[in-house]
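2 protein chains.
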Amino acid sequence: MTAEHVEVPSELDRDLALTALDGLDHPGAELDATAAAVVDVRRFGAELPGGWSVGGGINGGFLLALVGRAVRRAVPDRPDPVTVAATYVGASVAGAAEVTTRVLRRGGLATVAAEVSQGGSLKLTALATFADLATNLTDEVATTAEPPVLPPVEECVGLAQAPDEVRRRAPLMDRFDLRLDPACAGWAAGRPSGVGELRGWLRLPDREPDTLSLLLACDAMPPVTFDLGRPGWAPTVQLTAHVRALPAPGWLRLRQLTRNVAGGFFEEDCEVWDSAGRLVAQARQLARVPRPQA
Amino acid sequence: MTAEHVEVPSELDRDLALTALDGLDHPGAELDATAAAVVDVRRFGAELPGGWSVGGGINGGFLLALVGRAVRRAVPDRPDPVTVAATYVGASVAGAAEVTTRVLRRGGLATVAAEVSQGGSLKLTALATFADLATNLTDEVATTAEPPVLPPVEECVGLAQAPDEVRRRAPLMDRFDLRLDPACAGWAAGRPSGVGELRGWLRLPDREPDTLSLLLACDAMPPVTFDLGRPGWAPTVQLTAHVRALPAPGWLRLRQLTRNVAGGFFEEDCEVWDSAGRLVAQARQLARVPRPQA
């Protein structure tokens, strides 16, 4: 007889837990008021953990992974995000939230709309394309992008070394292990490089990367504007993530950069590379430039 | 007395014409079946012109501009797209279409969901953020990206010089004036550069660029895979466009590139620069690599 196996959910799994509010056990078809199509609508309850907050709101990458978790429940045979495009309508706060999914199309690529609301107020709205990446991708890899060149993990700057006032504003820093290349961590000591690029290693404490946690990785770093000498919260307007491959176990390498700070907005491109050297996720967000601090 | 001024709509304006099917003159609030919020829902009729088709479907950039036109009607005091993220659910064809808009949030940045359907079948679903860019942008321009360096327009390759079989498959080529840098137009003569980048000039025949036509520009070029020696239609899965500034009159400069062809998909980044040297739009799409042709 083997010992009974008890599955211990990872910290992230607990944080991303969802409760089916309706429709899950009896998936009912509802007539969407706005389209001619009949769609499968589901509602989930979630508790947004304060540990994922930053600058007063819940981290955008966490919300993206939460949406991904709900979409996976809605189309379980298409478990992997291919694209998730989210508009951040308002800042989410720690506490109860509702996640709604609407399946707009089934097929090899499933299209699902999702919303996160709190107290009846819309916080995030997203469109997701999901697939089964284990069977949906061809073997070809003709990537010409180069992974970021990083010093070894132990020579990089952990967030535990961040100034206290940064850590107080960003409890999410304790949720994962992020090690920044010292060449682009000068901002933490008041000496930003001015280039507009952040590079580093990322690992979740008790979990190997999967396609949902890649969504988290796409918005895990500080705003790239820190490297431009512009500290402060940079609210995301919109973020689109592409998951391009099933990630290998081990540390992820991240590169985040901006090339167009203008008009009060900036784009932030994020690349996520796995330990096998594959470009496993690409994301771009549009965010507001932080206001000068008093 | 001055002569009466008769406004002659441009060809593009005629192509993007919308008919209010309901809700426009009497904007009624409907209770969205899927969210706790009351939203403003409008329906428009449109005729998708065959002249904008390519490879059997309607061009994705045209559909993006059509969605933009409808969203502008829904939030007329926020006339400019800031972000439009569209999922291409199925190929659209020439003929009647319905465009539905749902205003999810009003404010400095308005959030609007939009759908395009034909015969009750969903073709495109999108989330848009609109604003009044004339008043919403700060004066700061700290762009570090460099515009593409192009030979003069008259030394570039017009689409009229494309092979007949390409023109037959892509009537949209006659809808605008696109001149490719000869250095990345070798594919038209069977000699692709293999780099994965297209550069060129773009102008609409009877209209200066505005924020809606920038959406069109974000998907006006042939697929960048042509430059990799992979001819054929590359269906867009998802496209997100950011409009970053009001464009100056004159020719637009486009650069389109890919760095991650893998697993049967590729990302295509598009930059649109105006005649004043501003990076006025940035777009990224995920598309399927064309299948090898028989």
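Just so you know, the sequences run in chain order X and L.
For the first sequence, the working numbering gives the first residue as 11, with consecutive numbering after it.
For the second sequence, the working numbering gives the first residue as 11, with consecutive numbering after it.
Backbone N, C-alpha and C fix where the C-beta goes; we use that ideal spot for every residue, glycine too.
Identify every residue that forms a DSSP beta bridge with residue i.
i	result
residue 24/L	Residue 24/L is not bridged to any residue.
residue 280/X	266/X, 293/X
residue 54/X	30/X, 109/X
residue 150/X	None; residue 150/X has no bridge partner.
residue 258/L	Its beta-bridge partners do not exist; DSSP assigns none.
residue 253/X	291/X
residue 208/X	266/X
residue 127/L	108/L, 132/L
residue 275/X	272/X, 298/X
Out of the options, point me to the one whose CA is closest to residue i's CA.
i	options	result
residue 67/X	55/X, 88/X, 99/X, 52/X	99/X
residue 227/X	245/X, 182/X, 239/X	182/X
residue 53/X	231/X, 110/X, 84/X	110/X
residue 128/L	243/L, 86/L, 102/L	102/L
residue 119/L	254/X, 247/X, 23/X, 225/X	247/X
residue 234/X	201/X, 294/X, 208/X	208/X
residue 157/L	108/L, 210/L, 199/L	210/L
residue 64/L	272/L, 175/L, 250/L, 190/L	175/L
residue 189/X	219/X, 143/X, 132/X, 160/X	160/X
residue 295/L	60/X, 252/X, 268/X	252/X
residue 256/L	81/L, 25/L, 145/L, 299/L	145/L
residue 241/X	231/X, 271/X, 197/X	197/X
residue 30/L	275/L, 56/L, 97/L, 219/L	56/L
residue 172/L	231/L, 250/L, 245/L	231/L
residue 193/X	204/X, 186/X, 185/X, 187/X	204/X
residue 49/X	122/X, 89/X, 71/X	122/X
residue 132/L	108/L, 153/L, 142/L	108/L
residue 72/L	216/L, 229/L, 130/L	229/L
residue 151/X	271/L, 297/L, 299/L	271/L
residue 177/L	62/L, 217/L, 23/L, 28/L	62/L
residue 274/L	284/X, 143/X, 60/X	143/X
residue 88/L	147/L, 106/L, 97/L	147/L
residue 244/L	169/L, 117/L, 28/L, 300/L	300/L
residue 134/X	85/X, 70/X, 254/X	70/X
residue 60/L	85/L, 26/L, 82/L, 238/L	26/L
Using DSSP with H/G/I as helix, E/B as strand and the rest coil, what is residue i?
i	result
residue 302/X	coil
residue 213/L	strand
residue 186/L	coil
residue 67/L	strand
residue 168/X	strand
residue 192/X	helix
residue 115/X	strand
residue 218/L	coil
residue 134/X	strand
residue 234/L	helix
residue 80/X	helix
residue 144/L	helix
residue 285/L	coil
residue 175/L	helix
residue 91/L	strand
residue 180/X	coil
residue 103/X	coil
residue 120/X	strand
residue 199/L	helix
residue 96/L	strand
residue 18/L	coil
residue 163/X	helix
Report yes or no: do the stretch 162–181 of chain X and the stretch 282–292 of chain L share at least 3 C-beta pairs separated by less than 8 Å?
no
Name, going along the chain, the residues of the stretch 278–294 of chain X whose beta-carbon falls closer than 7 Å to a beta-carbon of chain L.
289, 292, 294
Interface positions of the stretch 55–87 of chain L facing chain X (Cβ-Cβ less than 7 Å), listed along the chain
none
Count the C-beta pairs between the stretch 18–31 of chain L and the stretch 91–105 of chain L that are closer than 8 Å, then say yes if the count reaches three, no if not.
no
Does the stretch 273–288 of chain X come into contact with the stretch 178–196 of chain L, if we say contact requires no fewer than three beta-carbon pairs (one atom in each stretch) closer than 8 Å?
no
Tell me which residues of the stretch 239–270 of chain X have at least one Cβ-Cβ distance to chain L shorter than 7 Å, keeping chain order.
247, 248, 250, 252, 254, 255, 269, 270
Taking any Cβ of chain L, which residues in the stretch 142–165 of chain X have a Cβ under 7 Å from it, in chain order?
147, 148, 150, 151, 152, 153, 154, 155
With three or more beta-carbon pairs closer than 8 Å as the criterion, would you say the stretch 127–147 of chain L touches the stretch 69–89 of chain L?
yes
Would the stretch 113–128 of chain L and the stretch 256–275 of chain X be scored as touching if the rule is three or more Cβ pairs under 8 Å?
no
Residues, ordered as in the chain, of the stretch 174–205 of chain L that lie near chain X by beta-carbon distance below 8 Å
none
What residues from the stretch 113–129 of chain X come within 8 Å of chain L, judged by C-beta to C-beta, listed N to C?
114, 115, 119, 121, 123, 125, 127
Contacting positions in the stretch 96–109 of chain X - beta carbon closer than 7 Å to chain L:
97, 99
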